[in-house]
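Per the working numbering, the sequence shown runs over residues 1478 to 2103. Written out below as C-alpha cells is the structure these notes cover.
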Amino acid sequence: HGPDHPETAMTLNNLALLRETNDQPGAGELFDRARRGAFRHVSRVLPALIENEQRLFLKEKFEPDVYMALSWALYHPDDPEVVSTSLAWVANSKGVAQEAAATRNLILSEALDPKLLAIVRELQSVQKQLAAIAMTLADQSKAEQRLARINELTEKESQLTKQLALATSSDGDRKEWIETELLRKAIPPDSVLVDIARFDQFDFRETSTENKWKSAHYAAWITPTLGEGEPKLIDLGLADEIDALVQSIRVAIQADGSAKGAIQEKGEAEAADQLNASMKKLAEKIWDPIAPCVGDAESILLSPDGGLWLAPWSALPTGENEDLLIKKYSLRLMIRGRDLLTERDSMVKSAAPVIFADPKFDSSATEKKTAIEAVLKKLPEKDDGTLRSFSAKGLLPKVPSLPNTAVEASLVGPNLEKIANGKPIAYQERYALESIAKVLKRPKIALFATHGFFLPSQEVKKDELTGAMGSDETRSVLLDTSGKPLENPLLRCGLLLAGCNARGSAVGDDDGILTGMEITTIDFRGTDMVVLSACETGVGEVKNGEGVAGLRQAFQLAGAKSVVSTLWQIPDRDSAIIMNDFFENVAAGQTASEAMRQAQLKRIESRSSRFGAAHPFFWAAWTVTE
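Put into C-alpha cells, the structure is as follows:
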C-alpha cells in the first residue's frame, strides 16, 4: 500500500494497540508513524476528493485514528515524551476538512488554463445537476432512476475532480508536518499555547470490542516556548458535561441582558454577582486545571475545540481573588496551534477598506439586478450551486432590517481611514450585495455589520458510516440522524446580505446568502482584519476535532489575518463604544487582540464605577481570532 496509505495507518494503529500494554515507547512510535503517514495522505489526496468522499474518509478513517492516538496519550500524561509527541498530533490534525474544501475551491477559482477551464466548467455543470437533484423532493415512484442518476453524476464528478487536482498539483504545494520543536520556537516569550481537543475516548483496557469507544473528553496541551519548561497534558473531563455548562451560561448571560432580565430587575451588580456562581463552576472545569501549568506567562494563545469556542473565556473568574481572566492575561484565540507558523506575504498590496452595513434584506430581484449592474457593470454569469446552502434557503426565517448598523458604519469610518490610509468604501442598503462581496480584492479591513446565520450541527447516522465504508456501494450522500444529507459545515454558516428575504429571486448566483464556503473563494490575502458586527457572528458550526468550521475560519482560509466577532448580540450603544475604542487602539499600533482587550478593560472599569459591577453581557461577547 505504501507508507502513507490509510490501510498502512490502520495497520500501524493496530500494532500500537498490541504493544500498548508492554511496550509504551514502541506503541508511541507506531502511533506517530501512523499520524505522519495519514497527514501526508490527507494533504495530498483530500483536495482531489469530492465533498462526500472527503467526509466519508475523514469520518470513517481519519478521525477514529486521531482519537485513538490522543486517547493513548491521555493514558500517559506524566510522560514528557508522550505529551510532546502528541502535541504535534493535535497541531497537525485540527481543521483538516475545512482546509481541504478551501484548497479545492481555490483550485476551481484559479484555473486559468483553457484546458483546466473546460474541466472546471464541466465539473460545475455536473455539480449544478447534483445540487438540483438534492433540492428537489424525491418522487418515490422514480426513486431507482433518481439514485442511478445521482450515482452516475457522482462518478463523473469524482473523475473530473481528480483530473483537475492532477493538473494543478505540485510538490511545492504540499503541506509540511509541523514538529513540536518548531511549534514551540514560534511561541512568543512570556506566552503559552493552550491547545484543546475534543475527542471520543478509546478504552485500551476494555475487553469487549463493542464497548471500546467511550464518551468524548476535552483535553488540553499547555505548551511554553522552547527553553521555558516542558508541555503538559490535562484531561478536562467529559465533553457533554462541559458543553452543557457552556450553553447554560450563554443562555443565562443573554437572559440577564434581555428587556425584563436580571440586570433590569435587580441591577447590574446583583445580576453579575448571581452569574458569578455559574461562571466559577465553568472556570473549575476549563480553567482551574490549566492555570497551574501557565506559570508566569502574561499571554495565553488559546486554540479551543467544539463547544469551548462558545465559552466566554475572558469573563472567567480566576484564582483566590476571582480576578477576571482578561485582567490577568492577554488572550489570543487561534483556529490551530500550527497557525503560529503561517507566514503572510508582506509584499501583498492591500486595497481600501470596505464596509457592508444595513443591507436591504427585502430587495426584489429587479432592484438587486439594477444595483449589481450599477456597481459591477455586469451581472453574475454562473449559477454554481455547490457553494450555496440549500438547508439555509429552506430553514432561515426572514430577517429584520438593521438601521443602527448604518450609524455604526459612519462612526467607525474615520478610524478605518486612519488605520488603512485610505477612505473606506461603504456598501449599504440595496448595494450591500453578495455579488460585490464575492469580487472583493484584498481590502485592508472589511467590516460586515449584518446578520450571521448558523444552522445546528448535524450528527451522522452510525449505520450510514459502517455501511458506506464497509461495502463497494457508490454512495452519493451521507445522511444525518434525521435522514437529511450531511452538508459541509462551511455551507451551514454565513452572512445575510441584500435580497436574502426575497427567496427565489436570485440574480445569477446572488441569493443574498453568503456562505462560509463562498467566503473561502474571496481574495482576503493582504487583509489585516475582518470585523463581523451583528447577530452572534462568532457562533460558527462547531465540530469535534476540526477546530471551528465557522465564519472565522472561512475568512482566515481566504487569507485574512484576524477576525473580530461576537458570541452574542450586545446593545448597539455598548457595541459602538467598544468598537470605537478598539479601532483607536489599533490605530495607535496595538495588535487586534491587545486592542480588543484594552477596549474591554476600559468598558469594565467604566461600568464598574457607574453600576458597581460590569456584567459580562455588555463586554465579554467580543472575541478576536488571529
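Ideal Cβ positions, reconstructed from N, Cα and C, are used throughout, including at glycine.
Original post:
Just curious, the beta strand (DSSP E) that Ala1903 is in, first and last residue?
Top reply: For the purposes of this step, residue 1903 is identified with residue 426 of the sequence shown, where counting begins at 1. Under the DSSP assignment, Ala1903 falls in the beta strand (DSSP E) whose first and last residues are 1902-1906.
Subject >> Pair within 8 angstroms by beta-carbon distance, Leu1808 and Arg1517 >> reply: In the sequence shown, the residue the question calls residue 1808 occupies position 331. In the sequence shown, the residue the question calls residue 1517 occupies position 40. Note that the C-beta distance between Leu1808 and Arg1517 is not below 8 angstroms.
Original post:
Which of helix, strand or coil does DSSP assign to Arg1815?
Top reply: The residue labelled residue 1815 in the question sits at position 338 within the sequence shown. If DSSP states are grouped into helix, strand and coil, Arg1815 belongs with the helices.
Subject >> Beta-bridge pairing of Lys1691 - partner residues as DSSP gives them >> reply: Counting from 1 along the sequence shown, the entry for residue 1691 is found at position 214. DSSP, once it has assigned bridges, lists Gln1678 as partnering Lys1691.
**OP:** Confirm, please, whether the CB-CB distance from Gly2036 to Cys1970 is below 8 angstroms.
**Re:** Locating residue 1970 in the sequence shown gives position 493, counting from the first residue. Locating residue 2036 in the sequence shown gives position 559, counting from the first residue. Cβ atoms of Cys1970 and Gly2036: not closer than 8 angstroms.
Original post:
With Ser1841 and Ala1774 assumed to form a contact (beta carbons below 8 angstroms), what rounded beta-carbon distance in angstroms separates them?
Top reply: Taking the sequence shown and counting its residues from 1, one reaches residue 1841 at position 364. Taking the sequence shown and counting its residues from 1, one reaches residue 1774 at position 297. 55 angstroms between Cβ atoms; not a contact.
Original post:
Just how far apart, CA to CA, sit Pro1966 and Phe1931?
Top reply: Counting from one through the sequence shown, the residue named residue 1966 turns up at place 489. Counting from one through the sequence shown, the residue named residue 1931 turns up at place 454. Each residue's alpha carbon lies about 9 angstroms from the other.
**OP:** With Gly1714 as the anchor, note down where its beta strand (DSSP E) starts and where it stops.
**Re:** Taking the first residue of the sequence shown as position 1, residue 1714 is located at position 237. 1709-1715 is the extent of the beta strand (DSSP E) around Gly1714.
Original post:
Can you tell me the Cα-Cα spacing of Gln2077 and Ile2055, whole angstroms?
Top reply: Within the sequence shown, residue 2077 is the residue found at index 600, counting from 1. Within the sequence shown, residue 2055 is the residue found at index 578, counting from 1. Gln2077 and Ile2055: Cα-Cα distance of roughly 7 angstroms.
Original post:
So is Gly1862 buried or exposed if we call it buried at 16+ other beta carbons inside 10 Å?
Top reply: Here the question's residue 1862 lines up with position 385 in the sequence shown. Annotation note: pLDDT 45 at Gly1862 (below 50); position unreliable, no value reported.
**OP:** Look at Leu1660 and Leu1817 and say whether their C-beta atoms are less than 8 angstroms apart.
**Re:** What you label residue 1660 is simply residue 183 of the sequence shown in a count that begins at 1. What you label residue 1817 is simply residue 340 of the sequence shown in a count that begins at 1. Contact: yes.
**OP:** Give the DSSP bridge partners of Phe1925, in chain order.
**Re:** Within the sequence shown, numbered from 1, the residue matching residue 1925 stands at position 448. In the DSSP output, where bridge partners are listed per residue, Phe1925 has Phe1833, Leu2009.
Subject >> Within 8 angstroms, strictly: CB atoms of Leu1551 and Asp1717 >> reply: Position 74 of the sequence shown, counting from 1, holds the residue named residue 1551. Position 240 of the sequence shown, counting from 1, holds the residue named residue 1717. No, Cβ-Cβ distance for Leu1551 and Asp1717 is not below 8 angstroms.
Subject >> Extent of the continuous alpha helix (DSSP H) to which Thr1657 belongs >> reply: Start at 1 with the first residue of the sequence shown, and residue 1657 comes out as number 180. Under the DSSP assignment, Thr1657 falls in the alpha helix (DSSP H) whose first and last residues are 1657-1662.
Original post:
Do you know how far the Cα of Ala1504 is from the Cα of Val1492?
Top reply: Position 15 of the sequence shown, counted from the first residue, corresponds to residue 1492. Position 27 of the sequence shown, counted from the first residue, corresponds to residue 1504. In the sequence under discussion, the amino acid at residue 1492 is Leu, which differs from the Val named in the question. If I take the Cα positions, the gap works out to 7 angstroms.
**OP:** Compute the Euclidean distance between the alpha carbons of Lys1845 and Ala1886, then round it to the nearest angstrom.
**Re:** Against the sequence shown, residue 1845 aligns to sequence position 368. Against the sequence shown, residue 1886 aligns to sequence position 409. Using only the alpha carbons, I get a separation of about 22 angstroms.
**OP:** Mind checking which residues open and close the beta strand (DSSP E) that includes Ser1841?
**Re:** Against the sequence shown, residue 1841 aligns to sequence position 364. According to the DSSP assignment, Ser1841 belongs to no beta strand (DSSP E), since it is labelled neither H nor E.
**OP:** Using three-state DSSP, classify Ile1685 as helix, strand or coil.
**Re:** For the purposes of this step, residue 1685 is identified with residue 208 of the sequence shown, where counting begins at 1. One point to set straight first is that residue 1685 is Ser, not Ile, in the sequence displayed. Residue state, collapsed to three classes: coil.
**OP:** From the DSSP output, in three-state form, read off Ala1697 for me.
**Re:** The residue given as residue 1697 occupies position 220 in the sequence shown. Residue state, collapsed to three classes: strand.
Original post:
So what does Phe1930 bridge to, in DSSP terms?
Top reply: The residue labelled residue 1930 in the question sits at position 453 within the sequence shown. Note: Phe1930 is bridge-paired with Gly1971 in the DSSP secondary-structure output.
**OP:** Examine the Cβ distances between the region 2085-2101 and the region 1732-1744 and report whether three or more of them are shorter than 8 angstroms.
**Re:** Of all C-beta pairs linking the region 2085-2101 to the region 1732-1744, three or more are shorter than 8 angstroms, placing the two stretches in contact.
**OP:** Flag this pair as yes or no: are the beta carbons of Val2041 and Leu1973 separated by less than 8 angstroms?
**Re:** Within the sequence shown, numbered from 1, the residue matching residue 2041 stands at position 564. Within the sequence shown, numbered from 1, the residue matching residue 1973 stands at position 496. Taking 8 angstroms as the cut-off, the beta carbon of Val2041 is found no closer than this to the beta carbon of Leu1973.
**OP:** Confirm, please, whether the CB-CB distance from Thr1700 to Pro1708 is below 8 angstroms.
**Re:** Position 231 of the sequence shown, counting from 1, holds the residue named residue 1708. Position 223 of the sequence shown, counting from 1, holds the residue named residue 1700. In contact: Pro1708 and Thr1700 (Cβ atoms closer than 8 angstroms).
**OP:** Determine the extent of the beta strand (DSSP E) in which Val2041 is found, giving its start and end residues.
**Re:** Here residue 2041 refers to the residue found at position 564 when the sequence shown is read from its first residue. Taken as a continuous stretch (DSSP letters only), the beta strand (DSSP E) holding Val2041 covers 2039-2043.
**OP:** Work out the CA separation of Ser2039 and Pro1901 for me, nearest whole Å.
**Re:** Counted from its first residue, the sequence shown places residue 1901 at position 424. Counted from its first residue, the sequence shown places residue 2039 at position 562. Pro1901 and Ser2039: Cα-Cα distance of roughly 18 angstroms.
Original post:
With which residues is Leu1779 paired in a DSSP beta bridge?
Top reply: If you number the sequence shown from 1, residue 1779 lands on position 302. According to DSSP, Leu1779 bridges with Val1671, Leu1810.
**OP:** Give the single residue among Glu1656, Gly1784, Trp1764 whose Cα lies nearest to the Cα of Gln1724.
**Re:** Translated into the one-based positions of the sequence shown, residue 1724 becomes position 247. Checking every option, the nearest Cα to that of Gln1724 belongs to Gly1784.
Original post:
Trp2099 lies in the beta strand (DSSP E); which residues open and close that run?
Top reply: As a position in the sequence shown, residue 2099 is number 622, starting the count at 1. Residues 2099-2102.
**OP:** Determine the contact status of Pro1920 and Ala2031, defining contact as a CB-CB distance below 8 angstroms.
**Re:** By 1-based counting over the sequence shown, the position of residue 1920 is 443. By 1-based counting over the sequence shown, the position of residue 2031 is 554. Taking 8 angstroms as the Cβ cut-off, Pro1920 and Ala2031 do not qualify as a contacting pair.
Original post:
Taking only beta-carbon atoms, is Val1543 less than 8 angstroms away from chain B?
Top reply: Among the chains in the structure shown there is no chain B, since it carries only a single protein chain.
Subject >> Cβ shell of Leu1893 (< 6 angstroms), same chain only, five flanking positions each side left out >> reply: Along the sequence shown, one-based indexing puts residue 1893 at 416. Taking Leu1893 as the centre and dropping the five residues before and after it, the same chain places the C-beta of Pro1830, Pro1901, Ile1922 closer than 6 angstroms to its C-beta, in chain order.
Original post:
Per DSSP, what kind of secondary structure is Leu1910 in: helix, strand or coil?
Top reply: Along the sequence shown, read from residue 1 onward, the residue named residue 1910 stands at position 433. Residue state, collapsed to three classes: coil.
Subject >> Cutoff 7 angstroms; reference Ala1568; Cβ partners in own chain excluding five residues on either side >> reply: In the sequence shown, residue 1568 corresponds to position 91, counting from 1. Hits under 7 angstroms: Ile1655, Leu1660, Asp1672, Arg1813, Gly1814, Arg1815.
**OP:** Specify the secondary structure class of Lys1536 as computed by DSSP and reduced to three states.
**Re:** If you number the sequence shown from 1, residue 1536 lands on position 59. Of the three classes helix, strand and coil, the one that applies to Lys1536 here is helix, per DSSP.
**OP:** Could you name the residues that DSSP lists as bridge partners for Thr1992?
**Re:** As a working mapping, residue 1992 is identified with position 515 in the sequence shown. Gly1971.
**OP:** Could you tell me whether the region 1678-1690 touches the region 1727-1735, where touching means 3 or more Cβ pairs closer than 8 angstroms?
**Re:** Below 8 angstroms, too few C-beta pairs join the region 1678-1690 and the region 1727-1735 to call them touching: fewer than three.
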